[in-house]
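Presented below is the structure to which this report refers.
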Amino acid sequence: MARTVTLGGEIESRGVFGGRTVLDLIVLSLALVVGTTAFYTVGNNSWVSFLIGGLIWALGLAITYPAPVFLSGRSLVNYFAQWAGRKVRRLAGQNTFVPSQNRQSWADEQRAADEANPKLKPAAVRARAITRARRWGLETPVFATPATKTKKAKGSTRAKPQNKKASAAKKSSSGTPNAPVFVGSVRWFELETTGGKMVIFKHRNRPGRKSKTYFSVILEVIGVPGGIMRDYEADRPYMGFGKFLAKLASPQSLVTTHQQISRTLPVDLTEHVQWAMSNVSASAPGVTLSSYEELMQQVSAVSEQHRTFYVLNMIEDAKFRRRRDLYGTGDEADARVVFEEVRKAAAWARNLGAAQSVTALDESRAAALIRSLQDPSFDIDDTLSHVPGQETDLLSLKDAWQLLDWSKTTDYTTANGTWLHRTGWVPADGFHADEMSVRALKGLISSDASEPSFIRSVCLTTRLIDAKRARMIGRRDLTSDVALKKRKAKKGQIDDGSSDVKLSSSQRRMVDLAPASGHHGAHYGLFMTVSARSIDELESATQAMEAKASACGIDRIDWLNDQQDTAFGLTLPLGRGMSEK
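Numbers 88 to 668, taken from this note's numbering, label the letters of the sequence shown in order.
Below, the structure written as structure tokens:
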């Protein structure tokens with residue numbers, strides 16, 4: 088008998104403060120303070136005081152309420168904050184990222200386009216060119232100044248000499264970004280291990296959690312081979328993956344967040360075609376050759392290759408620092424602690440049946456992965472730089488980022504002017520509340536022979552929660568659900584079924600998190616990115632992804648329109664997407 092699980096049920100937050108972000112809570116607190124102040128200072132404690140104070144309180148609750156349908160779980164305050172942030176990024180020039188090797192040519196193209204635009208005056212063209220040069224650390228462009236008649240100042244017999252140093256082209260490199268805005272402040276270093284080099288990322292100054300620093304490592308995983316087997320045997324790798332996450336959530340582990348990226352690409356038959364052309368017999372019948380060519384076309388249209396990667400995050404908290412002190416200070420001590428955690432995690436994944444092999448990526452392989460996720464024209468395993476003048480060198484992480492453009496629209500990401508990407512996520516109320524097989528989400532990654540193949544990345548980011556804290560959260564939610572159910576029954580209110588769904592979900596959590604069960608809690612987010620070469624192909628891929636999601640028990644996907652400049656990083660191996668609150 089196949090094993091079943093229930094992913095849905097958490098259709099909305101609980102209580103007045105549930106589901107509200109830090110910004111929502113700040114605005115709500117200000118509304119409560121202002122409303123209370125107005126109650127005592129306006130209208131001399133009359134009905135006017137009650138009216139004004141009540142209106143301010145109601146307004147604070149309304150604009151901070153996370154609307155599950157209209158705003159996909161966001162509040163009006165968060166919606167406005169995202170809109171304002173998008174405008175600020177556009178004004179700051181952060182709606183385009185240009186890699187260092189393309190900056191001068193890109194600036195020349197932009198200047199030529201501005202000069203060809205009849206709506207822009209010469210002064211505007213000059214200002215935009217200078218702004219681009221300062222933004223990207225380029226030489227300040229020189230413009231020809233038209234000759235104009237000027238009156239000679241009295242008492243002056245000759246022109247004032249120019250300051251050559253001031254008029255010379257200056258190169259401003261301070262503050263020049265070397266990665267897109269969603270990456271944040273990250274540096275990396277490598278550790279030499281018995282299995283090869285391992286690159287470690289150190290993330291700092293994360294938005295909203297500036298005091299936290301965390302380390303991340305990218306691992307390539309090869310799953311357990313499948314085949315024709317019984318249901319309980321086919322479910323073992325999925326059950327092993329759950330046990331693996333439970334091990335990571337245990338107090339013995341420093342891992343706080345686990346990210347799994349599943350990359351699906353059409354099979355590239357170029358090498359096979361070249362092999363066939365070089366080995367075909369000259370006397371082969373034409374009908375055989377045409378039949379084989381037709382077969383290869385059919386296979387390439389439906390065949391796919393799958394790659395899986397794990398990203399492990401470790402916060403630099405007191406527990407991490409205590410272990411680091413055993414090895415000393417600096418990057419070497421940090422790397423020793425991270426390596427010990429990665430070695431334990433790899434052993435758990437293999438021993439529990441979650442994976443067949445686990446390999447840590449070095450700098451060149453991590454850079455190749457990041458580059459391929461932006462521009463699928465580059466193979467995931469292609470570790471050569473391909474940068475002009477450095478074609479045969481190994482790819483560095485500083486050269487991994489491609490030209491990313493959101494200047495025309497933020498409904499999708501344009502990479503190198505040839506690839507379009509659209510990122511979405513599944514909201515909490517997007518999962519069916521019914522039981523489903525543990526293999527239900529497999530359809531998001533693999534395709535049937537009758538389905539067209541398209542490029543996509545599916546990312547499951549899981550923030551691990553210790554069992555004690557998870558039980559505390561579950562008990563609080565269960566208490567709230569039971570109280571709400573009794574309150575509605577006492578008032579004789581007819582429920583739309585949402586209370587029963589939430590109550591069933593919280594009861595199931597308490598059963599799963601029973602003491603000594605070995606289970607731990609988790610907050611998770613399911614993100615996906617589809618890629619195509621044209622807007623029509625992107626729309627087709629979006630619809631195909633929604634059809635796959637519907638067959639997997641997912642009601643809807645929020646494609647994060649107007650947020651693609653920050654959403655694109657959710658499916659990159661950066662360990663992002665879940666807050667650490």
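Note that CB positions come from ideal geometry on N, CA and C, so glycine has one too.
Since we're looking at a predicted model, the values are computed, not measured.
Practice task
Pull up the DSSP beta-bridge partners for Asp-516, would you.
Solution key: Taking the first residue of the sequence shown as 1, we reach residue 516 at position 429. Note: Asp-516 is not bridge-paired with any residue in the DSSP secondary-structure output.
Exercise for the section: Please state whether DSSP places Pro-475 in a helix, a strand or coil. Expected result: To locate residue 475, count along the sequence shown from 1; it is residue 388. Coil.
Exercise for the section: Return the chain-ordered list of same chain residues with a C-beta closer than 8 Å to the C-beta of Thr-280, the five sequence neighbours on each side being excluded. Expected result: Taking the first residue of the sequence shown as position 1, residue 280 is located at position 193. Closer than 8 Å at the Cβ level, and outside the excluded window around Thr-280, lie Phe-426, Ala-447.
Handout entry: Exposure label - Glu-381; buried when at least 16 CB within 10 Å
Key = Here residue 381 refers to the residue found at position 294 when the sequence shown is read from its first residue. Glu-381 is exposed by the Cβ-count criterion.
Exercise for the section: Leaving aside the five residues before and after Val-114 along the sequence, list all residues of the same chain whose C-beta is less than 6 Å from its C-beta, in chain order. Expected result: Residue mapping note: residue 114 aligns to position 27 of the sequence shown, counting from 1. Excluding sequence positions up to five before and after Val-114, its CB lies within less than 6 Å of the CB of Thr-151, Val-164, all in the same chain and listed in chain order.
Practice task
In the DSSP assignment, find the unbroken beta strand (DSSP E) run with Met-632 in it and report its ends.
Solution key: The residue given as residue 632 occupies position 545 in the sequence shown. It is not in any beta strand (DSSP E) - Met-632 instead sits in the alpha helix (DSSP H) that spans 622-638.
Problem - 6 Å CB neighbourhood of Trp-193 in its chain, flanking five on each side removed - result: Residue numbering aside, residue 193 sits at position 106 when the sequence shown is read from its first letter. Cβ within range, chain order: Val-185.
Practice task
Determine the direct distance from the alpha carbon of Leu-600 to that of Trp-646, and round the result to whole angstroms.
Solution key: Locating residue 646 in the sequence shown gives position 559, counting from the first residue. Locating residue 600 in the sequence shown gives position 513, counting from the first residue. Between the C-alpha atoms of Trp-646 and Leu-600 there is a straight-line separation of about 33 Å.
Exercise for the section: Kindly indicate which three-state DSSP category Gln-651 falls into: helix, strand or coil? Expected result: As a working note, residue 651 is residue 564 in the sequence shown. Here Gln-651 sits in helix by DSSP.
Practice task
Check whether the segment 347-360 touches the segment 385-400, counting contact only when three or more Cβ pairs, one atom from each stretch, lie closer than 8 Å.
Solution key: Here the segment 347-360 makes contact with the segment 385-400; the two share three or more CB pairs at distances below 8 Å.
Handout entry: Euclidean distance between Cα positions of Leu-112 and Gly-106
Key = By one-based count along the sequence shown, residue 112 stands at place 25. By one-based count along the sequence shown, residue 106 stands at place 19. Their Cα atoms are separated by approximately 10 Å.
Handout entry: Contact between the segment 501-513 and the segment 633-650 (3+ Cβ pairs under 8 Å)
Key = Contact between the segment 501-513 and the segment 633-650 is present: three or more C-beta pairs spanning the two stretches fall below 8 Å.
Exercise for the section: Please state if the CB of Trp-493 and the CB of Ser-618 are separated by a distance shorter than 7 Å. Expected result: Mapped onto the sequence shown, residue 618 falls at position 531. Mapped onto the sequence shown, residue 493 falls at position 406. For the pair Ser-618 and Trp-493, the CB atoms are not nearer than the 7 Å cut-off.
Handout entry: Assigned secondary structure, Gly-373 (DSSP; H/G/I helix, E/B strand, else coil)
Key = Position 286 of the sequence shown, counted from the start, is the residue given in the question as residue 373. If DSSP states are grouped into helix, strand and coil, Gly-373 belongs with the helices.
Handout entry: Rounded straight-line distance, which links the Cα of Thr-183 to that of Asp-322
Key = On the sequence shown, position 235 is the one that residue 322 refers to. On the sequence shown, position 96 is the one that residue 183 refers to. Using only the alpha carbons, I get a separation of about 44 Å.
Problem - Contact the segment 430-446 vs the segment 322-340: 3+ CB pairs below 8 Å - result: A contact exists between the segment 430-446 and the segment 322-340.
Practice task
Tell me, please, whether the segment 527-535 touches the segment 632-643 by the rule of three or more beta-carbon pairs shorter than 8 Å.
Solution key: Short answer: they touch.
Handout entry: Rounded separation between Leu-657 and His-290 - CA only
Key = As a first step, residue 657 is located in the sequence shown; it is residue number 570 there, counting from the start. As a first step, residue 290 is located in the sequence shown; it is residue number 203 there, counting from the start. Rounded to whole angstroms, Leu-657 to His-290 spans 15 Å at the Cα level.
Exercise for the section: Compare the beta carbon distance of Pro-267 and Leu-491 with 7 Å and say whether it is the shorter of the two. Expected result: Within the sequence shown, the letter at position 180 stands for residue 267. Within the sequence shown, the letter at position 404 stands for residue 491. By the CB criterion at 7 Å, Pro-267 and Leu-491 fall inside the cutoff.
Exercise for the section: Pull up the distance between the alpha-carbon of Gln-489 and that of Cys-546, whole angstroms please. Expected result: Position 402 of the sequence shown, counting from 1, holds the residue named residue 489. Position 459 of the sequence shown, counting from 1, holds the residue named residue 546. Each residue's Cα considered, the two are about 21 Å apart.
Handout entry: Residue range of the unbroken beta strand (DSSP E) whose run includes Thr-344
Key = Residue mapping note: residue 344 aligns to position 257 of the sequence shown, counting from 1. Residues 342-353.
Handout entry: Reduced DSSP category for His-606 - H, G, I as helix; E, B as strand; rest coil
Key = Start at 1 with the first residue of the sequence shown, and residue 606 comes out as number 519. It is coil, neither helix nor strand.
Exercise for the section: Mind checking who Asp-645 pairs with in its DSSP beta bridge? Expected result: On the sequence shown, residue 645 is found 558 positions in, with the first residue counted as 1. Looking at the DSSP assignment, Asp-645 forms a beta bridge with Trp-512.
Handout entry: Which of helix, strand or coil DSSP assigns to Gln-181
Key = On the sequence shown, residue 181 is found 94 positions in, with the first residue counted as 1. Three-state DSSP puts Gln-181 in coil, outside helix and strand.
Handout entry: Range of the contiguous beta strand (DSSP E) that encloses Ala-502
Key = As a position in the sequence shown, residue 502 is number 415, starting the count at 1. Unbroken beta strand (DSSP E) run through Ala-502: 500-502.
Practice task
Report yes if the C-beta distance between Ile-402 and Thr-470 is below 7 Å; otherwise report no.
Solution key: Counted from its first residue, the sequence shown places residue 402 at position 315. Counted from its first residue, the sequence shown places residue 470 at position 383. It is not a contact, given that the beta carbons lie outside the stated cut-off.
Problem - Outcome for Arg-550 when other beta-carbon atoms lying within 10 angstroms are tallied against a minimum of 16 - result: Taking the sequence shown and counting its residues from 1, one reaches residue 550 at position 463. With 16 or more other Cβ atoms inside 10 Å of its own Cβ, Arg-550 counts as buried.
Problem - Separation of Trp-170 from Gly-242, as counted between CA atoms - result: Translated into the one-based positions of the sequence shown, residue 242 becomes position 155. Translated into the one-based positions of the sequence shown, residue 170 becomes position 83. Reliability of the predicted coordinates at Gly-242 is poor, the pLDDT of 47 falling under 50, and the value obtained from them is presented with this limitation in mind. So the two alpha carbons sit approximately 56 Å from each other.
Handout entry: Helix, strand or coil at Thr-566 according to DSSP, with G and I counted as helix
Key = Along the sequence shown, read from residue 1 onward, the residue named residue 566 stands at position 479. Helix.
Exercise for the section: Within its chain, find whatever has a CB closer than 6 Å to the CB of Ser-459; leave out the 5 residues flanking it on each side and keep chain order. Expected result: Counted from its first residue, the sequence shown places residue 459 at position 372. The answer, listed in chain order, is Phe-465, Ile-467.
Practice task
Enumerate in chain order the residues of its own chain whose CB-to-CB distance from Arg-452 is below 7 Å, with the five nearest sequence positions on each side excluded.
Solution key: Taking the first residue of the sequence shown as position 1, residue 452 is located at position 365. So the list reads Thr-470, once near-sequence residues are dropped.
Exercise for the section: On a CA-only basis, which of Val-135, Ser-540, Ala-333 is nearest Gly-605? Give me that one, please. Expected result: Walking along the sequence shown from the start, residue 605 turns up at place 518. Measuring from the Cα of Gly-605, the nearest candidate turns out to be Ala-333.
Exercise for the section: Check whether the Cβ atoms of Arg-215 and Asp-195 lie closer than 7 Å to each other. Expected result: In the sequence shown, the residue the question calls residue 215 occupies position 128. In the sequence shown, the residue the question calls residue 195 occupies position 108. 7 Å or more divides the Cβ of Arg-215 from the Cβ of Asp-195.
Practice task
Kindly indicate which three-state DSSP category Ala-601 falls into: helix, strand or coil?
Solution key: Stepping through the sequence shown from its first residue, residue 601 is reached at position 514. Correct three-state label for Ala-601: coil.
Exercise for the section: Could you check if Pro-324 is buried or exposed, using at least 16 other CB atoms within 10 Å of its CB as the buried criterion? Expected result: Working through the sequence shown from its first residue, we reach residue 324 at position 237. Around the beta-carbon of Pro-324, 16 or more other beta-carbon atoms lie within 10 Å, marking it buried.
Exercise for the section: Identify whether Trp-693 lies in helix, strand or coil by the three-state DSSP scheme. Expected result: Outside the displayed range of the chain (88 to 668) lies residue 693, so it cannot be described from this structure.
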